[in-house]
Every structure is written in structure tokens, then in C-alpha cells.
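**Q**
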Amino acid sequence: MISERIHELCEEKCFPWRGRSHTIKRELKLDISYQAIQKWLDGESAPSREYEEAICGYFSVNYEWLTTGNEPKYKKEVCGCYITDKLEIKLIELIRDMPDYAKEQLIQDANQLKQIIEKLKKEAVGEISGDLKMEAVGE
């Protein structure tokens, strides 16, 4: 149900359970009553298309996921970055649960790994071009 998915999104944003309809109205800047939003949350009614689109925009989720539950959940572009597959989504989900110190360490480790990969690529290209030069000289 759409109410479950709205609750899921609210949990991800750490919206409090108590007063959740007020938080949704305030954060999403919706021109609708708290009571109407509460009905969405209780599964008594569904938002109109206008409000569904507002929810999708605020939480950066696909309209189809919000309304049907069909994957993918997130839009391809989130915060200016393109998500290309489920592995990237899984990484984002894992990182969101990490404490700040672990996120900082992960960034440092990822940068070191990136440098190692770039170095290996350069070495591999150098070896290949060296092999090609040797073949050309040998002919």
C-alpha cells in the first residue's frame, strides 16, 4: 500500500512517528490539511496525483515505486549523481546507517583504492604499449 511506502520514506528521513502528518506538511510545503495527510498514512485514502508527485520530488523516488511498489525505488538522479544499478543503491543504504567517523574512513579508503586502480591501469597500458613496441621492433 502507498501508506506503507510513505512511512518507509519518512523513516529514511527520520521523520518522527508522532506528528508525522505535520512534519510531512511542513517539509513538503503541501497545501492540504493534516487530517488528509493522516488518512494517507493510515491507508484510508491515497494522495492525489499532485501530492504523489510532490512526495516523489521531495524524497527523490520514482513515481511508479511510490504508487505500485515496483522497483527501482530511487530516481536515476539523486543529488546530482546518477545511480546506475542496485549495487549503488545498496551502497547508499549502507552508508546512511554508518556513523560519521566510519563515513570519513570509508571516503579515505575509497580514495586510496581509486589511486591504486588508476596506477594499475597506467601500468597495464604501459606494458601493453611496451609489448606493441617490442613486436614492431622485432618484425
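78 is the number that numbering that gives the first Met the number 0 gives to position 79 of the sequence shown; each next residue is one higher, with no gaps.
The C-beta atom is built at its ideal place from N, Cα and C for all residues, glycine as well.
(1) Please report how far the alpha carbon of Tyr33 lies from the alpha carbon of Ser20, in whole angstroms.
(2) Can Cys55 and Leu65 be called in contact, C-beta distance under 8 Å?
(3) Quickly, what does DSSP pair Val124 with across the bridge? List them, please.
(4) So for Arg19, helix, strand or coil by DSSP?
(5) If you compare alpha carbons, which of Ser59, Gln104 and Glu43 is closest to Ile88?
(6) In angstroms with no decimal places, state the Cα-to-Cα distance between Ala101 and Ile91.
(7) Run the CB neighbour count on Leu93, radius 10 Å, all protein chains shown included, and call it buried at 16 or more, exposed below.
(8) Given a threshold of 16 other Cβ atoms within 10 Å of its Cβ, counted over all protein chains shown, does Lys120 qualify as buried or as exposed?
(9) Would you mind reading off the limits of the alpha helix (DSSP H) that contains Lys38?
**A** In this structure, then:
(1) Their backbone Cα atoms lie some 6 Å apart in a straight line.
(2) yes
(3) Its beta-bridge partners do not exist; DSSP assigns none.
(4) helix
(5) Ser59
(6) 14 Å
(7) exposed
(8) exposed
(9) Per DSSP, Lys38 belongs to the alpha helix (DSSP H) from Tyr33 to Asp41.
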